[in-house]
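Student: Residue numbering for the sequence shown follows the numbering used here, starting at -15 and increasing by one per position.
Backbone N, C-alpha and C fix where the C-beta goes; we use that ideal spot for every residue, glycine too.
Let me begin by handing over the structure; questions about it come next.
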Amino acid sequence: MKSKKKLLRRLFLGVSLVIVFYLSFGGDYSLYKLWKLERKKENLQARIKENQQKQKQLSREIKLLRNDSTYIEKVARERFNMGRKGEKIYLLKEKDKDSK
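Here it is in C-alpha cells:
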C-alpha cells in the first residue's frame, strides 16, 4: 500500500513538473515566449517614442524653413557654407585624431 502511494506521489510530481516545464518553456503561450514578446514590445514602444520626437523636431524645422528668413540664412551659412555678397568664407579643417 505504501509503495503504491509513493509511486502515485512520484508519478504526480513527475507529471506536474512536465506540465510546469511545458507551460514555462514550450508551446505558443509559454511564459518565456510571453516574456520575450513583452521585451520586444517595450523596445518597439521606445523606438516609436524616439521617432515621434524626431518627427516633432523635423516639423518645427520645416515650419521655420517656410516662415523664418533668419533661420534660412543661418542654415545656409552653417550647412552650405554660404555667405552674403562680399563676405569671405574661411573653412577651417579639423585635425584628424590619427595624425599628430
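#1: In the DSSP assignment, the alpha helix (DSSP H) including Lys81 goes from what residue to what residue?
#2: Let me know the secondary structure DSSP gives Tyr6 once reduced to three states.
#3: What whole-angstrom Cβ distance do Ser8 and Leu15 have, given they're in contact under 8 Å?
#4: Counting only the same chain and skipping the five closest in sequence on each side, list residues whose C-beta sits under 7 Å from that of Lys77.
#5: The alpha helix (DSSP H) with Lys47 in it runs from where to where?
Tutor: Reading from the atomic positions:
#1: Where Lys81 is concerned, there is no enclosing alpha helix (DSSP H), given that its DSSP letter is neither H nor E.
#2: helix
#3: 5 Å
#4: Excluding its 5 nearest sequence neighbours in each direction, Lys77 has no C-beta neighbour in its own chain below 7 Å.
#5: 15 to 51
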